[in-house]
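Okay, structure first, notes after.
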Amino acid sequence: MPELPEVENVRRTLNPLISHKKIMKVTVLYPNIIATPEVELFRNNLVGETFQQVSRRGKFLLLETEHFVLVSHLRMEGRYTLSSPNEPITKHTHLLIDLSDGNQLRYLDVRKFGRFALLKKDEVANYSSLKKLGMEPTEEDFSLEKFKKALKTKQNIKGLLLSQKVVVGLGNIYVDEVLYKSFIHPLRLSETLKENEVVLLRKNIIEELNEAIILGGTTIRSYHNAKGETGHFQEFLQVYGKEGQPCVRCGSLIEKIKVAGRGTHFCPTCQRLEGSK
DNA sequence: CCAGCAGCCTGTGCGC
DNA sequence: TGCGCACAGGCTGCTG
Numbered sequence: 001m002p003e004l005p006e007v008e009n010v011r012r013t014l015n016p017l018i019s020h021k022k023i024m025k026v027t028v029l030y031p032n033i034i035a036t037p038e039v040e041l042f043r044n045n046l047v048g049e050t051f052q053q054v055s056r057r058g059k060f061l062l063l064e065t066e067h068f069v070l071v072s073h074l075r076m077e078g079r080y081t082l083s084s085p086n087e088p089i090t091k092h093t094h095l096l097i098d099l100s101d102g103n104q105l106r107y108l109d110v111r112k113f114g115r116f117a118l119l120k121k122d123e124v125a126n127y128s129s130l131k132k133l134g135m136e137p138t139e140e141d142f143s144l145e146k147f148k149k150a151l152k153t154k155q156n157i158k159g160l161l162l163s164q165k166v167v168v169g170l171g172n173i174y175v176d177e178v179l180y181k182s183f184i185h186p187l188r189l190s191e192t193l194k195e196n197e198v199v200l201l202r203k204n205i206i207e208e209l210n211e212a213i214i215l216g217g218t219t220i221r222s223y224h225n226a227k228g229e230t231g232h233f234q235e236f237l238q239v240y241g242k243e244g245q246p247c248v249r250c251g252s253l254i255e256k257i258k259v260a261g262r263g264t265h266f267c268p269t270c271q272r273l274e275g276s277k
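Residue numbers (this note's numbering): 1 to 277.
Right, here's the structure in full:
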């Protein structure tokens, strides 16, 4: 489910719901979602802490307390809600955190792919999942020079962008949209991109993700922010989920193939597979 | 070291 | 209606 715009909207809606609230009790209903430390320690370390701000690195949420950072990844379908402890617990609820204001923060995840790691503050910088992440897709962090260097590989461009090791935040929907807007075929080898294509691709990545954040993210089936609201960017998708429909630029029918193991949508006419001569 | 791919889970939609 | 299969906003660990 969530790519960067959705995670950022969860961050923005979750932050005011939990910051400055003390953790009274922690209940883990599905232990496998806790990557580290062991569940007992996870609970004991969290109880008594007070949430500070919620921040984000790539698609990871960082729920900070005085001494720890709760690193949360929603993967495909993870979701937060704030409810009364009296509300019945559904079968897809896996973590409960009772707060000092009487509310209960809940983590729900149908596919159980999401993961939590509770780290001491000084361990965060060295945590492998965060350490290997690439640049944030902002004008300041996402350097054109670094991008050009990172593209010197024979990996196809879609796979490279999905890997999060060059620039973070793109998932299967936004990567298809961004490549479409940049006239680049998803199977194009990264090293064959020309200067003007790299410049356009970088600009489109930054703009696309920003616009999607402003529109509340993309809701195809399950995404909701921490207040239960859906996004609206799905109304502006041009290729994702549009197979068989005409390209708005040239009228060719949008095709769907598999790239990097993922369903991939593109226009066979406007998106170039070869570097221009 | 790196690219590629199963595995992790459950639900949904499709063809037969 | 039922069944089997493919597929779904992602990451990780193993393989060659």
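All C-beta atoms, glycine included, are put in the ideal place defined by N, C-alpha and C.
Query raised in the report: If you run the structure through DSSP and keep just helix, strand and coil, what is Leu179?
Result: Residue state, collapsed to three classes: helix.
Requested in this report: Return the first residue and the last residue of the alpha helix (DSSP H) that Ser129 is part of.
Outcome: Where Ser129 is concerned, the enclosing alpha helix (DSSP H) starts and stops at 128–131.
Requested in this report: List in chain order: all unbroken alpha helix (DSSP H) runs of 4+ residues lying wholly within the segment 172–245.
Outcome: Inside the segment 172–245, DSSP marks whole alpha helix (DSSP H) runs of 4 or more residues at positions 172–181, 195–214, from first to last along the chain.
Report task. Go ahead and pull the three-state DSSP assignment for Phe113. Result -> In this structure, Phe113 counts as coil in the three-state DSSP scheme.
Requested in this report: Might you give, ordered along the chain, the residues of its own chain that have their beta carbon closer than 6 Å to the beta carbon of Asn103, omitting 5 neighbours on each side?
Outcome: Contacts found: Leu82.
Query raised in the report: Residue range of the beta strand (DSSP E) that Arg79 falls in?
Result: Where Arg79 is concerned, the enclosing beta strand (DSSP E) starts and stops at 79–83.
**Report entry** Sequence-distant residues of its chain with Cβ nearer than 8 Å to Phe142 (five each side left out)
**Finding:** Within the same chain, Phe142 has close Cβ partners Met135, Glu136, Val167, Arg202, Ile205, Ile206.
Requested in this report: Go through its chain and collect everything with a Cβ distance to Leu14's Cβ below 7 Å, but skip five positions before and after it.
Outcome: Its chain contains Val54, Tyr80, Ala226 as the residues whose beta carbon lies nearer than 7 Å to that of Leu14, once the 5 sequence neighbours on both sides are disregarded; these appear in chain order.
Requested in this report: Throw me the rounded Cβ distance for the Tyr180 and Val259 pair, which I believe falls under 8 Å.
Outcome: Actually they do not touch by this definition, with Cβ atoms about 13 Å apart.
Query raised in the report: Between which two residues does the beta strand (DSSP E) containing Glu279 stretch?
Result: The structure shown does not extend to residue 279, since the chain spans only 1 to 277, so no value can be given for it.
Report task. Return the CA-CA distance between Glu210 and Arg11, expressed in angstroms with no decimal places. Result -> Reading off the sequence shown, one finds Asn at residue 210, where the question assumed Glu. Our two residues, Asn210 and Arg11, have alpha carbons roughly 15 Å apart in a direct line.
Report task. Drop a sphere of 10 angstroms on the beta-carbon of Ser190, count the other beta-carbons inside from all chains shown, and report buried for 16 or more, exposed for fewer. Result -> With a 10 Å radius around the Cβ and a threshold of 16 neighbouring Cβ atoms, Ser190 comes out buried.
Query raised in the report: Any idea what DSSP makes of Arg57, helix, strand or coil?
Result: Strand at Arg57.
Requested in this report: State yes or no: is the C-beta of Leu151 within less than 8 Å of the C-beta of Leu118?
Outcome: With contacts defined as CB atoms closer than 8 Å, Leu151 and Leu118 fail to qualify as a contacting pair.
Query raised in the report: Which two residues bound the contiguous alpha helix (DSSP H) that contains Thr93?
Result: In this chain, Thr93 is not harboured by any alpha helix (DSSP H); it is covered by the beta strand (DSSP E) spanning 93–99.
Query raised in the report: Measuring CA to CA, which of Ile97, Thr138, Thr27, Thr93 is closest to Lys112?
Result: When each option's Cα is compared against that of Lys112, the closest is Thr93.
Query raised in the report: Taking C-alpha atoms, which residue in Asn32, Gly244, Gly159, Glu3 lies nearest to Arg262?
Result: Out of Asn32, Gly244, Gly159, Glu3, Gly159 has the C-alpha closest to the C-alpha of Arg262.
Query - Run of the alpha helix (DSSP H) containing Phe68, from where it starts to where it stops - result: Unbroken run through Phe68 is the beta strand (DSSP E), 68–73; no alpha helix (DSSP H).
Query - Burial state of Phe266 (16 or more Cβ within 10 Å) - result: So Phe266 ends up on the buried side.
Query raised in the report: Which first and last residues belong to the beta strand (DSSP E) in which Val26 is found?
Result: From DSSP, the beta strand (DSSP E) with Val26 extends over 23–28.
Query raised in the report: Skipping 5 residues on each side, what residues in its chain have a beta carbon closer than 7 Å to that of Lys148?
Result: Val198.
Requested in this report: Please look up how many angstroms separate the CB atoms of Arg289 and Gly114, rounded, as I've assumed it's under 8 Å.
Outcome: Summary: the structure shown does not reach residue 289, with the chain confined to residues 1 through 277, and so no result is reported for it.
**Report entry** Length of the line joining the Cα atoms of Cys270 and Lys256
**Finding:** Taking the CA atoms as reference points, Cys270 sits about 14 Å from Lys256.
Query - Arg13: first and last residue of the uninterrupted alpha helix (DSSP H) it sits in - result: Inspection of the sequence shows that residue 13 is occupied by Thr rather than by Arg. Counting along the chain, the alpha helix (DSSP H) containing Thr13 begins and ends at 4–18.
Query - Buried or exposed by the 16-neighbour rule on C-beta atoms within 10 Å, applied to Arg221 - result: Classification of Arg221: exposed, given that the 10 Å Cβ count is below 16.
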